[in-house]
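If you're matching them up, the sequences are chains F and U in order. The opening residue of the first sequence carries number 33 in our numbering; numbering runs sequentially from there. The opening residue of the second sequence carries number 33 in our numbering; numbering runs sequentially from there.
There are 2 protein chains.
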Amino acid sequence: MTLTIGEVSKKTNLSVPTLRYYDREGLFPGLQRESGIRKFSDKELAGIQVIECLKKSGLSIPDIKQFMDWTTMGSETFEERKDLFVNQRAQVEKQLNDLKRVDNLLRYKCWYYEMAMKLGSEEAVKAIPFDKLPKQIQENFPYEH
Amino acid sequence: MTLTIGEVSKKTNLSVPTLRYYDREGLFPGLQRESGIRKFSDKELAGIQVIECLKKSGLSIPDIKQFMDWTTMGSETFEERKDLFVNQRAQVEKQLNDLKRVDNLLRYKCWYYEMAMKLGSEEAVKAIPFDKLPKQIQENFPYEH
DNA sequence: TTAAACCCTAAAGTTGACTTTAGGTAAAGG
DNA sequence: CCTTTACCTAAAGTCAACTTTAGGGTTTAA
């Protein structure tokens with residue numbers, strides 16, 4: 033029920049040096065070894081899922097280590113852990129909103145250049161009156177005025 | 033109708049050194065100067081919107097410069113520009129999907145620790161049978177099995 | 001007339017998250 | 001036996017996108 037670092041690497045698509053680096057940074061508290069060789073268990077595999085998630089939410093390695101340390105401390109750190117997740121969720125909501133706005137602008141630009149190709153010039157696209165634009169474009173028209 | 037670098041900085045929340053850096057990297061082709069001093073016009077302000085957008089979509093500074101160069105070249109580069117935006121949109125869709133999965137896991141973890149606090153232990157939370165979990169949690173239950 | 005508040009450049013420094021390098025140990029297969 | 005393969009460490013290197021530093025010019029306001 034334990035895996036070597038190479039096996040974990042294949043399973044997770046994290047490079048072997050990255051896994052060693054995570055270990056060095058304290059992201060696998062209590063990781064077992066047998067004659068110097070790391071033995072990864074289900075606990076570490078689940079840990080990696082959480083690490084990836086927290087990383088994508090914008091948390092730094094030291095802050096992830098902090099969380100991992102909390103997980104070794106039992107019920108006295110439930111609140112800290114919950115607060116961390118609540119905070120990171122708020123961060124992710126922000127990121128999602130931001131990305132949606134980016135998506136809208138990109139969508140507009142795709143349409144804009146498609147029309148420019150059809151009409152032969154950017155000026156022709158800009159000359160289209162607002163109420164003649166596709167609804168999709170109208171609804172998410174960029175540039176504050 | 034032109035702004036100094038400091039005024040643009042205030043308007044965009046990009047630092048003055050960042051704006052100079054962008055200029056150095058060629059992100060403002062055709063930026064005017066008066067006795068050595070940069071004069072930002074509406075064209076550059078609109079450019080900054082696009083730069084920010086492309087950056088958030090994952091494009092590097094050199095690739096953004098490439099795009100900015102295309103914009104100076106007229107209709108012969110419409111296709112390249114459209115393709116770029118189509119590609120970046122695909123990237124952003126990927127990012128959005130990824131972030132939504134992150135959001136789901138965070139949502140689960142928030143619930144998990146809230147329950148752990150109520151019930152007094154993680155074991156008690158893990159012992160809840162699947163069909164007794166809230167629907168929200170059931171639908172987005174983490175960990176592939 | 002001097003100090004504050006702008007503007008400018010070139011070049012070096014910073015940051016976080018890895019990656020690479022150099023050097024070494026241990027088991028397995030031919 | 002010897003080569004391959006997988007493991008280990010410590011330390012140095014990389015990368016992108018800025019930021020900071022050092023040095024200098026010009027205009028404005030007291």
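The beta-carbon is built from N, C-alpha and C at its ideal position, and this holds for glycine as well. Since this is a predicted model, take the numbers as computed values, not measurements.
Cα-Cα separation between residue i and residue j, rounded to whole angstroms
i                      : j                      : result
residue 125 of chain U : residue 132 of chain F : 9 Å
residue 54 of chain F  : residue 38 of chain F  : 14 Å
residue 177 of chain U : residue 123 of chain U : Residue confidence for residue 177 of chain U is low, a pLDDT of 46 falling below 50, so the modelled location carries little weight; the figure read from the coordinates is stated next. Distance between the alpha carbons of residue 177 of chain U and residue 123 of chain U is about 28 Å.
residue 158 of chain F : residue 128 of chain F : 30 Å
residue 92 of chain F  : residue 65 of chain U  : 41 Å
residue 143 of chain U : residue 75 of chain F  : 20 Å
residue 112 of chain F : residue 73 of chain U  : 49 Å
residue 48 of chain F  : residue 68 of chain F  : 16 Å
residue 168 of chain F : residue 141 of chain F : 12 Å
residue 184 of chain U : residue 46 of chain U  : Residue numbering for chain U in the displayed model covers 33 to 177; residue 184 of chain U lies beyond these limits and cannot be assessed.
residue 107 of chain U : residue 153 of chain F : 6 Å
residue 94 of chain F  : residue 155 of chain F : 52 Å
residue 86 of chain F  : residue 102 of chain F : 14 Å
residue 171 of chain F : residue 90 of chain U  : 25 Å
residue 36 of chain U  : residue 77 of chain F  : 53 Å
residue 150 of chain U : residue 166 of chain U : 15 Å
For residue j and residue i, believed in contact at Cβ under 8 Å, the rounded distance
i                      : j                      : result
residue 71 of chain F  : residue 130 of chain U : Actually they do not touch by this definition, with Cβ atoms about 30 Å apart.
residue 110 of chain F : residue 145 of chain U : 5 Å
residue 117 of chain F : residue 138 of chain U : 5 Å
residue 104 of chain U : residue 62 of chain U  : 7 Å
residue 80 of chain F  : residue 44 of chain F  : 5 Å
Cβ neighbour criterion (16 or more within 10 Å) applied to residue i
i                      : result
residue 173 of chain F : exposed
residue 83 of chain F  : buried
residue 148 of chain F : buried
residue 120 of chain U : buried
residue 56 of chain F  : exposed
residue 40 of chain F  : buried
residue 96 of chain F  : buried
residue 135 of chain F : buried
residue 160 of chain F : exposed
residue 42 of chain U  : exposed
residue 52 of chain U  : exposed
residue 164 of chain F : exposed
residue 114 of chain U : buried
residue 162 of chain F : exposed
C-beta neighbour in chain F for residue i, strict 8 Å
i                      : result
residue 135 of chain U : yes
residue 177 of chain U : Any answer about residue 177 of chain U is weak, because its pLDDT of 46 lies below 50 and its placement is not dependable; what the coordinates show is given next. For residue 177 of chain U, the answer is no, since every Cβ of chain F falls outside 8 Å of its Cβ.
residue 159 of chain U : no
residue 73 of chain U  : no
residue 156 of chain U : no
residue 79 of chain U  : no
residue 76 of chain U  : no
residue 153 of chain U : yes
residue 113 of chain U : yes
Residue-level contact to chain U via CB, residue i, 8 Å cutoff
i                      : result
residue 163 of chain F : no
residue 110 of chain F : yes
residue 105 of chain F : no
residue 146 of chain F : yes
For this session: Mind checking the segment 34-64 of chain F against chain U and listing, in chain order, the residues whose C-beta falls within less than 9 Å of any C-beta there?
Result: Answer set for the segment 34-64 of chain F: empty.
Residues of the segment 115-141 of chain F with Cβ closer than 8 Å to any Cβ of chain U, in chain order
Taking 8 Å as the Cβ-Cβ cut-off against chain U, the residues of the segment 115-141 of chain F that qualify are 117, 118, 120, 121, 124, 125, 127, 128, 130, 131, 132, 134, 135, 137, 138, 139, 141.
inquiry  = Can you pull out the residues from the segment 86-100 of chain F whose beta carbon lies closer than 8 Å to at least one beta carbon of chain U?
reply    = From the segment 86-100 of chain F, only 88, 89 have a Cβ closer than 8 Å to chain U.
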